[in-house]
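Per my numbering, the sequence shown starts with residue 79, numbered consecutively.
Note that the Cβ used here is the ideal one computed from N, Cα and C, for glycine as well.
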Amino acid sequence: MRKVDPVRHGEKRREILEAAGRCFVRDGFRGASIAAICAEARISPGHLYHYFSSKEAIVAAMAEIRLEEAAARFGQLAEGSSVLEAFLAQLDRLNSRRHGAVQPLLLEMLSEAGRDPAMAKVVQDTSRAGRALLAEVLRKGQARGEIDTSLDPEMAAALLMSLMDGAKAMSIRAPDLDGKAAVELLKMMIGRFLAPGGQAAEDRPHT
């Protein structure tokens, strides 16, 4: 039996995920067929199934990578700034061109989860992992005195994720509004919610 080169295997896996991501953004989750993904990745269906068993498995892998990237970003930012500042910095990504391109896709996947049990499991598993990551970040901030200690980290994390999911829909609901200004207002709202005493850092009097 031929040995699998782990480096090459990982590279091909990333290539497939990138190709699938382009298809999902272009055609939507339901509209992107396995055949289209294979054509984009320039591989056969049999080759693709060697790496992923289904479209849902592809989405799960993409979500796992996003969580790993988020964990790394939080870790790096929190080392040089407060936990609250690190979290608020991540909200700027809501207005980035790259992130904005996938917002309709994220909403479509949430809708698909209401119809497809397999997609529902992917969404729920991903949300659970993301909530755990965010709750741990909040606990770290509470230990440093940077986050309101009266907040339950798990519940606060769940509410913040729901708030950010809702914010992603604004570009569809109200495309005429200034996205950058909306993100700044969202940062102020969340900052006041998380900060000790409900007062955002930028609102506090400087001594």
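Cutoff 8 Å; reference residue i; Cβ partners in own chain excluding five residues on either side
{"i": "M140", "result": "L95, A98, G99"}
{"i": "E186", "result": "G106, F107, R108"}
{"i": "R209", "result": "E232, A235, A236, M239"}
DSSP state of residue i mapped onto helix, strand, coil
{"i": "L95", "result": "helix"}
{"i": "S131", "result": "coil"}
{"i": "R206", "result": "helix"}
{"i": "P75", "result": "Outside the displayed range of the chain (79 to 285) lies residue 75, so it cannot be described from this structure."}
{"i": "R270", "result": "helix"}
{"i": "F107", "result": "coil"}
{"i": "S189", "result": "helix"}
{"i": "E224", "result": "coil"}
Close-in-space but distant-in-sequence residues of the same chain around residue i (CB under 7 Å, 5 per side omitted)
{"i": "C101", "result": "A110, A114, I115, E118"}
{"i": "S152", "result": "Looking at the sequence shown, residue 152 is not Ser but Phe. Closer than 7 Å at the Cβ level, and outside the excluded window around F152, lie A164, V215."}
{"i": "R120", "result": "none"}
Residue burial classification, residue i (beta-carbon count within 10 angstroms, cutoff 16)
{"i": "P253", "result": "exposed"}
{"i": "P195", "result": "exposed"}
{"i": "K292", "result": "Given that the chain is displayed from residue 79 to residue 285, the structure contains no residue 292 and the question cannot be resolved."}
{"i": "Q220", "result": "buried"}
{"i": "L126", "result": "buried"}
{"i": "A138", "result": "buried"}
Best match in the options for proximity to residue i [C-alpha to C-alpha]
{"i": "F165", "options": "A235, A207, S131", "result": "A235"}
{"i": "M248", "options": "T204, V85, E146, L184", "result": "L184"}
{"i": "L145", "options": "S228, A213, T204, Q220", "result": "T204"}
{"i": "A149", "options": "D230, Q168, A135", "result": "Q168"}
{"i": "E89", "options": "G244, M197, L229, Y129", "result": "Y129"}
Proximal residues to residue i (C-beta, below 6 Å), its chain only, five neighbours per side dropped
{"i": "S160", "result": "E224"}
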